[in-house]
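Only one structure is covered here, and it is reproduced in the block below.
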Amino acid sequence: MTPILRLLLATVLMAAPPAAMAQMELPPIPPSVEDSYSKLTARSEVAEALAAIKGAGVRMFEEQVRINEVPAPPFKEQLRAEYFLKKMREAGLPGAYIDKEGNVIGVRAGTAKGPRLVVSAHLDTVFPEGTDVKVREKDGRYYAPGIGDDALGLTNLLTVLEALNKSNIKTVGDIIFVGTVGEEELGDLRGVKALFRDIKDIDGFISLDGVGLGRIVHHATGSHRYLATFKGPGGHSFSAFGLPSAIHAMGRAVAKIGDLVPPAEPKTTFTVGTVAGGTSVNAIAATSTIGIDIRSNGNAALLEFEKKVLAALQDAVNEENARWKSDKISVEIKQVGDRPAGVTPIDTPIIQAARAAMPRVGAQVRSITASSTDSNLPMSLGIPAITLSSSGTGGGSHSPGEWYSPVNNHVGAQNVFLLTLALTGMEGVTAPPARQASSPIKDTGNHGHPA
Ligand SMILES: [Zn+2]
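The C-terminal residue of the sequence shown carries number 1885 in the numbering used here, and the numbering is unbroken.
In C-alpha cells:
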C-alpha cells in the first residue's frame, strides 16, 4: 500500500462508525493477483488495447452524449434499450438481445468452461418523461440529466466490449454484457432481478455506475417499503360517535412503530415517512395511509425488524376495534419497495482484483463503501459483486443540474478492461480465479425475487 493510499483509507476509516472499521481492514493483495496483471500487461495485445482505449476518449464522450440524448425515464427505457442493442451488436456481439424485462444482453463466449462474469450498467434514469436531456456545455462542464448516472457507465461498457473484440483477445470465461432496466428507485431492481432469475450460472457481477473512479461498492444496504392503508366505516363526528376511526388506528400504529428498537449492528433503521387520510375535521375518518421505510445492512435483521413493524400495524387495528367494541377497522398492507441487503467480503477475489487493477492504469482506490445499486441483488444471493464508478469529474447526480467533464475519461474503461481480463482469464496467458463454491446460485427463497 502506498503512503497516499494508506492516508486516504485512514481518512475513510476515521469517517466510518466503529462497527464499519473492522470491515475496512484491508487484507494484503495476494501475489497471484499481482502476477496475473503483470502477465496481462506484458502482452502486446493487451498493451495495444489499452492504448486504443486511451486514444478513444473523444469518441467515448461523443457516444456518451448520444446515449444520454435518447431518453430513458423509469419504466420507459425501451428507446434507449433499442439504441444500446444496436451499439452492442456493432461493437461485436451480433447475438445480443433484449430480454422480457427489457434488459439488453450480449454474451461474449469464453474458450472453456470458466467463470461467467456480468459487466453491466443501467439504462434507466430517475427523470420523468418529457425531461430535456440535451447536453449543453458551459465552461468545460457538460450539463444534462443522466449524463454521469448512467450514460457514462453504458459508454464504458461499450468501450470495453469494443476493445476486446478489436484486439481479438480470447477470455477463458464468458463475459455477459448487460444494460439493465429498473435500477433507480421506483424500478426496484426489476432488471437485475430478472437477469438472475433467468440466467442461473453467474459467478461474478460488476456494475458500472456513475462518476468517481476509485470508489468500490462492496456492501449493499437493503430497503423494504410499505404503504399501510387503514379502512373503517367513517361517519359524522357527533351523530355517529362510537364508530372506530381509521386515523385513530393509524395513530396507534405510528406510536407503536415509533417505540420499536432496531439492532445497532447491522445498522437497521426505520421511519414512517408520510401520512395521509381523512376527509374533514368533523368526520370520523374512513381511510388513512402511512408510508414506511425500513433499511438494514443485513438481510436477516431487515426481515426480523420488518416482522415487528407489520405486527404493530395489526396490533393497532385490534386495539382500535377493541376500544369501540367493533370489528370495522382493517388494514391493507402493500409492499412498494424491495431491495435486498448483502455484502461481498473484502477478501473476495473480485475485490482483490479490483484493488490491484487501479494502480495498473494510474488510478487509486479512494473508498470501499456501502450503497444501494444493482449489485444489491447478486450480493444478497451470495454472488461476488461490486459497483465501480467511472473516470472523469461530475456532480449533481439525480438533479436537473447534473454535469460531467470528460477529464481522463479513458482511465475508467482501461481499469474495467484489465479487471475483466483478470476475472475471466486470458486464454494462454492467465487462469481466472476459481469458480465460487456458491455458484450456481443458491435458492434463497422468495426474498429478492418477489412474485
Ligand atoms: Zn446509477
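Just so it is clear, CB atoms sit at the ideal spot from N, CA and C, and this is done for glycine as well.
Being a predicted model, the structure only gives us computed values, none of them experimental.
| Item | Value |
| --- | --- |
| Nearest to residue 1794 (by Cα), restricted to the options 1475, 1462 and 1837 | 1475 |
| Residue 1558 and residue 1618 closer than 8 Å at C-beta | yes |
| Neighbour-count burial assignment, residue 1860, 16 or more Cβ in a 10 Å radius | buried |
| Contacts around residue 1491, its chain only, beta-carbon distance under 7 Å, and the 5 residues preceding and following it disregarded | 1840, 1843 and 1844 |
| C-alpha distance - residue 1678 paired with residue 1749, whole-angstrom precision | 14 Å |
| Alpha-carbon to alpha-carbon, residue 1726 and residue 1744 | 10 Å |
| C-beta contact flag for residue 1413 and residue 1774 at 8 Å | Because residue 1413 is not part of the residues shown, which for the chain are 1435 to 1885, the question remains open. |
| Inside the region 1524-1555 only - beta strand (DSSP E) runs reaching at least 3 residues | 1538-1542 |
| Best match in 1555, 1545 and 1863 for proximity to residue 1582 [C-alpha to C-alpha] | 1555 |
| Spatial neighbours of residue 1688 in its chain, beta-carbon cut-off 6 Å, leaving aside the 5 residues before and after | 1706 |
| Per DSSP, cross-strand counterpart(s) of residue 1382 | Any question about residue 1382 goes unanswered here, given that the chain covers just 1435 to 1885. |
| Assumed close pair residue 1587, residue 1824 - CB separation to whole angstroms, cut-off 8 Å | 6 Å |
| Assigned exposure category for residue 1576 - 16 Cβ within 10 Å defines buried | buried |
| For residue 1769, the three-state DSSP class (helix, strand or coil) | strand |
| Anticipated Cβ contact below 8 Å, residue 1585 with residue 1498, distance rounded | 5 Å |
| Check: residue 1556 C-beta below 7 Å from any heavy atom of ligand 1 | yes |
| Span of the alpha helix (DSSP H) around residue 1852 | 1844-1858 |
| Check: residue 1622 C-beta below 7 Å from any heavy atom of ligand 1 | no |
| Where residue 1762 sits in the DSSP three-state scheme | coil |
| Selected residue, minimal CA-CA separation from residue 1468, among 1526, 1853 and 1681 | 1853 |
| Buried/exposed call for residue 1834, threshold 16 Cβ in 10 Å | exposed |
| Residue environment, residue 1505, which counts as buried when at least 16 other CB atoms sit within 10 Å | buried |
| Outcome for residue 1670 when other beta-carbon atoms lying within 10 angstroms are tallied against a minimum of 16 | exposed |
| Heavy atom of ligand 1 within 7 Å of residue 1828 beta-carbon | no |
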